[in-house]
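Residue numbers (the numbering used here), protein chains in the order written: chain C, 430 to 685; chain B, 430 to 685.
Put into structure tokens, the structure is as follows:
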């Protein structure tokens with residue numbers, strides 16, 4: 430045993446990477462944690478990438494909040510799996526985080542107990558729009574994986590627990606619905622399983638915090654309900670992420 | 430004007446990155462170009478990434494052929510947009526290629542003139558499974574873009590020209606079909622638009638060479654037809670890529 434390893438605070442989580450897809454979801458947290466935007470000339474990302482990074486010290490933690498940024502052509506947040514995977518990858522390589530938090534909004538299934546403004550931790554992630562009907566490739570496409578288990582977070586912070594299914598569409602086709610049911614998912618987003626895929630590649634523990642903006646199996650159109658609820662649900666998400674970050678402070682990965 | 434810029438051969442394409450998704454498609458080219466596999470200890474990719482790289486000198490060109498490699502859990506080729514985007518990104522950063530060739534197999538639409546074993550260059554790429562029915566986000570999701578125009582390749586090498594639509598499923602749902610029609614696509618693959626997205630991000634010219642393994646609007650099941658034709662169509666693909674690489678030798682980007 431090395432003395433350092435036994436010292437108080439040794440092994441405590443130091444560097445937390447928060448990955449979020451939408452600026453509207455992220456800016457309240459940027460303000461709450463007093464993060465500052467990394468200037469372009471000091472970017473950890475290569476020229477050309479639209480990805481953005483805010484960083485700072487919050488209590489004992491180095492916090493980095495990254496986003497895929499605005500699409501160069503269309504100017505909207507670069508949502509979806511490809512951008513989320515890329516910015517997660519580049520951030521892991523540059524920042525070597527101890528822990529990733531993927532925070533965002535999600536659709537929820539009332540048949541599985543979800544309501545608008547609920548905040549979920551994802552116990553599992555999978556894709557619902559990667560159908561490859563060839564043996565073994567089919568399972569690769571679904572890409573189901575358990576997330577990092579954080580029983581103490583779950584017990585102390587009052588989040589709901591559910592499975593998350595990810596796809597690149599905001600709406601849900603009948604084929605998507607069938608796959609989401611097969612994935613046993615309570616919540617549906619556009620990034621989680623891609624972030625999990627990259628985090629697992631580099632053995633970085635990742636926690637998925639998703640706040641419900643719209644009820645997928647309800648009677649309101651998803652896009653309309655999503656936009657109507659985005660601001661208020663973002664507030665619930667930000668409260669949840671703040672509680673989570675406060676809980677993480679001073680703890681080790683094995684304490685979560 | 431600098432003397433170097435006017436010297437014979439100045440500005441000639443030097444470094445070509447070939448991105449392929451499946452080992453079965455790539456190995457004949459690895460052999461043809463006498464490429465060798467980069468050993469793990471010298472990898473340009475970080476530990477944990479399943480991506481593989483073969484490299485060598487062929488005539489005047491530095492060739493790198495990269496693949497997303499075998500999935501760590503399932504052992505199959507890591508097909509699809511997320512892996513293709515990641516390995517393209519990491520390869521561009523490490524290798525700074527002058528030109529990217531994304532080569533692979535594709536489904537073809539006979540209604541648009543495609544037959545099995547046809548080899549296409551993609552004039553345009555777009556996604557067909559990223560439906561986001563919110564203004565502007567809808568266009569971001571589709572992500573249609575023109576590819577690098579290579580009129581001399583097209584004139585001299587006898588490829589067909591068509592639009593390419595990309596999605597993460599091998600099959601085609603009714604929603605996919607509608608989007609593919611809307612994308613005016615002649616061919617359908619699982620990586621092209623993601624490779625194009627990353628290549629454009631870093632202003633790297635990219636050429637998409639796709640050989641047709643199966644007729645999507647025909648009467649045979651896609652997975653069966655794909656597997657039955659994979660070997661013979663791969664041979665046609667490899668002939669086409671060899672012709673293309675031979676054509677590129679000694680040329681400038683503006684000569685293509």
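Don't be surprised by glycine CBs; every beta carbon is placed ideally from N, CA and C. Since the structure is predicted, the reported quantities are computational estimates derived from the model, not experimental observations.
Validate contact between the stretch 527-544 of chain B and the stretch 639-647 of chain B using beta carbons, cut 8 Å, 3 pairs: These segments touch.
Beta-carbon separation (whole angstroms), residue 579 (chain B) vs residue 550 (chain B), contact threshold 8 Å: 7 Å
Candidates C:444, C:450, C:460, C:590: closest to residue 671 (chain C) by CA position: C:460
For residue 497 (chain C) and residue 516 (chain C), the rounded distance between their alpha carbons: 6 Å
Anticipated Cβ contact below 8 Å, residue 508 (chain B) with residue 619 (chain B), distance rounded: 5 Å
Whole-number beta carbon distance between residue 576 (chain B) and residue 720 (chain B), since they are thought to touch under 8 Å: The shown model of chain B, from 430 to 685, leaves out residue 720 (chain B), and the question about it has no answer.
Proximity of residue 446 (chain C) and residue 524 (chain C) at Cβ, strictly below 7 Å: yes
Residue burial classification, residue 465 (chain C) (beta-carbon count within 10 angstroms, cutoff 16): Residue burial is scored here from C-beta neighbours: residue 465 (chain C) has fewer than 16 other C-beta atoms within 10 angstroms and is therefore classed as exposed.
Cutoff 7 Å: residue 652 (chain B) Cβ touching any chain C Cβ: Closer than 7 Å to some Cβ of chain C, the Cβ of residue 652 (chain B) qualifies, so yes.
Cα-Cα separation, residue 475 (chain B) to residue 560 (chain C): 29 Å
Span of the beta strand (DSSP E), counted from its first residue to its last, around residue 617 (chain B): 616-618
Neighbour-count burial assignment, residue 681 (chain B), 16 or more Cβ in a 10 Å radius: Within a 10 Å sphere around the beta-carbon of residue 681 (chain B) sit fewer than 16 other beta-carbons, which makes this residue exposed.
Spatially closest choice to residue 511 (chain C) from B:597, B:659, B:454, B:603, by CA coordinates: B:597
Residue 437 (chain C) - DSSP class collapsed to helix/strand/coil: With a pLDDT of 47 at residue 437 (chain C), under the threshold of 50, the predicted position of this residue should be treated as unreliable, though the coordinate-derived value follows. Residue state, collapsed to three classes: coil.
Own chain residues within Cβ distance below 6 Å of residue 451 (chain C), not counting five before or after: 506
Anticipated Cβ contact below 8 Å, residue 616 (chain C) with residue 593 (chain C), distance rounded: Between residue 593 (chain C) and residue 616 (chain C) the Cβ distance is about 5 Å, and since that is below 8 Å, they are a contact.
According to DSSP, residues forming a beta bridge with residue 649 (chain C): Beta-bridge pairing links residue 649 (chain C) to no other residue.
Where residue 639 (chain C) sits in the DSSP three-state scheme: strand
Uninterrupted beta strand (DSSP E) stretches inside the stretch 463-510 of chain B (no shorter than 3 residues): Within the stretch 463-510 of chain B, the beta strand (DSSP E) runs of at least 3 residues that lie entirely inside it are, in chain order, 481-487, 490-496.
Contact set for residue 678 (chain B): own chain, Cβ-Cβ below 7 Å, skip 5 residues either direction: 488, 489, 490
Pick from C:478, C:468, C:448, C:462 that is closest to residue 486 (chain C), judged by C-alpha positions: C:462
Beta carbon proximity, residue 645 (chain C) to chain B, threshold 7 Å: It does not: the Cβ of residue 645 (chain C) has no partner Cβ on chain B nearer than 7 Å.
Minimum C-alpha distance to residue 637 (chain B) - residue among B:443, B:647, B:673: The shortest Cα separation from residue 637 (chain B) among B:443, B:647, B:673 belongs to B:673.
Distance CB(residue 635 (chain B))-CB(residue 529 (chain B)) smaller than 7 Å: yes
Proximity test, Cβ basis, 7 Å: residue 685 (chain C) and chain B: no
Contact set between residue 563 (chain C) and chain B, taken where Cβ atoms lie within less than 9 Å: 505, 599, 652, 655, 656
Residue 442 (chain C) versus residue 527 (chain C): straight-line alpha-carbon distance, rounded: 6 Å
Beta strand (DSSP E) runs contained entirely in the stretch 526-584 of chain C, provided each spans 3 or more residues: You should have 528-537, 548-556.
Straight-line gap, residue 595 (chain C) to residue 666 (chain B) (C-alpha atoms, nearest Å): 33 Å
Proximal residues of chain C, C-beta to C-beta of residue 515 (chain B) below 8 Å: 514, 515, 518, 627
Contacts that residue 536 (chain B) makes with chain C (C-beta to C-beta distance below 7 Å): By Cβ distance, chain C contributes nothing, its closest Cβ being about 13 Å from residue 536 (chain B), past 7 Å.
For residue 478 (chain B) and residue 470 (chain B), the rounded distance between their alpha carbons: Each residue's alpha carbon lies about 13 Å from the other.
Buried/exposed call for residue 547 (chain B), threshold 16 Cβ in 10 Å: buried
Closest by C-alpha distance to residue 563 (chain B), when choosing among C:654, C:685, C:454: Minimum Cα-Cα distance from residue 563 (chain B) among the listed residues C:654, C:685, C:454 corresponds to C:654.
Sequence-distant residues of its chain with Cβ nearer than 8 Å to residue 675 (chain B) (five each side left out): 488
Short CB-CB distance (under 7 Å) between residue 509 (chain B) and chain C: Look at residue 509 (chain B): its C-beta is under 7 Å from a C-beta on chain C.
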